[in-house]
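Structure, as structure tokens:
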Amino acid sequence: MEKFKEFGFVNTKEMFKKAYNGKYAVPAFNFVCLEQMLAIVEACMETDSPFILQSSANVRKYIGSTMVQRMAQACVETMEQNGKKIPMALNLDHGMAFEECKSCVDSGFSSVMIDGSALPYKKNIELTSKVVEYAHKYDVSVEGELGVLSGVEDGVIHKESQYTDPALVEDFVKSTGVDSLAISIGTSHGVVKIKLKKGDPFPELRFDILGEIEKRLPYFPIVLHGASAIMPEYVDMINQYGGKIENAQGIPESQIIQATKTAVCKINIASDGYIAATAAVRKVLMENPAVIDPRKYLSAAREEMRSLYIRKIRDIFGSAGKA
Ligand code: 13P
Ligand code: ZN
96 MEKFKEFGFV
106 NTKEMFKKAY
116 NGKYAVPAFN
126 FVCLEQMLAI
136 VEACMETDSP
146 FILQSSANVR
156 KYIGSTMVQR
166 MAQACVETME
176 QNGKKIPMAL
186 NLDHGMAFEE
196 CKSCVDSGFS
206 SVMIDGSALP
216 YKKNIELTSK
226 VVEYAHKYDV
236 SVEGELGVLS
246 GVEDGVIHKE
256 SQYTDPALVE
266 DFVKSTGVDS
276 LAISIGTSHG
286 VVKIKLKKGD
296 PFPELRFDIL
306 GEIEKRLPYF
316 PIVLHGASAI
326 MPEYVDMINQ
336 YGGKIENAQG
346 IPESQIIQAT
356 KTAVCKINIA
366 SDGYIAATAA
376 VRKVLMENPA
386 VIDPRKYLSA
396 AREEMRSLYI
406 RKIRDIFGSA
416 GKA
């Protein structure tokens with residue numbers, strides 16, 4: 096049996112088919128620490144939502160690849176102990192090299208993203224195909240990317256965004272064999288999605304491009320990265336308690352809801368979790384200067400993230416009750 100199946104993870108095939116037909120999106124939450132992983136699992140248990148737990152390559156270095164793997168396994172066991180059978184995929188987010196993806200497949204990830212979006216088109220196809228060929232031997236799903244998102248993601252910076260060219264998607268999917276495709280339609284990574292003048296509305300995501308892509312790839316799962324809303328209440332709380340975040344601007348949630356009704360089956364959220372956690376920790380530490388037990392502030396972070404994820408699942412992604 097494939098390693099990831101032994102561990103109780105699922106690949107993304109069935110999840111995406113259901114999400115496509117049901118017109119909702121599966122949440123893909125990034126985690127960087129234990130508290131965040133716990134918040135994700137608790138939120139998904141409470142809402143009965145399928146989910147994708149995402150680790151970047153840098154997080155695998157930070158926590159340790161063995162630890163990431165065992166922690167993810169423990170999530171499945173914990174859900175079972177709570178009488179929950181919830182589909183959970185473990186995904187490598189923004190894999191940049193074949194070896195990185197191979198290492199995840201070998202250690203039991205059920206899904207990997209190979210992000211060749213910054214490469215010339217032919218090189219992207221070459222790299223992505225190589226990963227697909229390897230991953231599919233083990234039934235592991237592969238997400239590819241066409242078009243470039245701007246912003247900062249785990250230390251990787253892209254200054255300019257480049258929308259996905261719908262004319263390329265059919266050829267890319269056919270040539271590589273990917274199971275899902277991340278596209279660029281105006282979202283971006285990090286807390287500053289775009290610099291707006293005060294009072295200017297957030298521009299519409301390019302739903303016209305998404306529509307063109309859907310026409311060319313019927314029933315094919317599309318992935319939206321950089322979809323955090325960067326809630327002003329968290330930014331204000333961070334700034335109020337000694338932080339300094341300038342020009343914060345997220346994607347309006349109404350537009351994310353609109354995206355869930357399309358071929359978009361997976362939506363990535365990292366920054367919203369980070370700012371919720373940071374706001375909570377800052378508040379507890381400022382208000383309780385004598386605190387030394389890390390649980391006092393880490394539990395506040397965990398609780399803030401848990402309630403944020405629950406709200407996203409229920410009100411934005413529409414994946415509650417779809418486990
Ligand atoms: P955000 O920075 O908008 O949360 O994007 C996360 C993401 O795309 C992870 O791959
Ligand atoms: Zn991303």
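So for the sequence shown, our numbering puts the first residue at 96; every next one is plus one.
Glycine included, C-beta positions come from ideal geometry on N, C-alpha and C.
For residue i: DSSP bridge partner residues
i, result
"residue 183", "146"
"residue 122", "362"
"residue 317", "276 and 359"
"residue 257", "243"
"residue 237", "207"
Cβ distance (whole Å) where residue i is taken to contact residue j below 8 Å
i, j, result
"residue 238", "residue 208", "4 Å"
"residue 119", "residue 355", "5 Å"
"residue 142", "residue 405", "6 Å"
"residue 378", "residue 336", "5 Å"
"residue 230", "residue 200", "5 Å"
Under 8 Å between C-beta atoms of residue i and residue j
i, j, result
"residue 329", "residue 374", "yes"
"residue 408", "residue 138", "yes"
"residue 325", "residue 334", "no"
"residue 248", "residue 306", "no"
"residue 275", "residue 227", "no"
"residue 186", "residue 149", "yes"
"residue 259", "residue 279", "yes"
"residue 122", "residue 151", "no"
"residue 102", "residue 203", "yes"
"residue 127", "residue 105", "no"
"residue 136", "residue 110", "no"
"residue 240", "residue 210", "yes"
"residue 351", "residue 411", "yes"
"residue 264", "residue 222", "no"
Per-residue burial, residue i [other beta carbons within 10 Å of its own, 16 or more giving buried]
i, result
"residue 242", "buried"
"residue 180", "exposed"
"residue 327", "exposed"
"residue 300", "buried"
"residue 178", "exposed"
"residue 397", "buried"
*Okay, do the segment 166–183 and the segment 210–224 touch, 3+ Cβ pairs below 8 Å being the bar?*
no
*contact_flag[the segment 357–371, the segment 284–299] where n(CB pairs < 8 Å) is 3 or more*: yes
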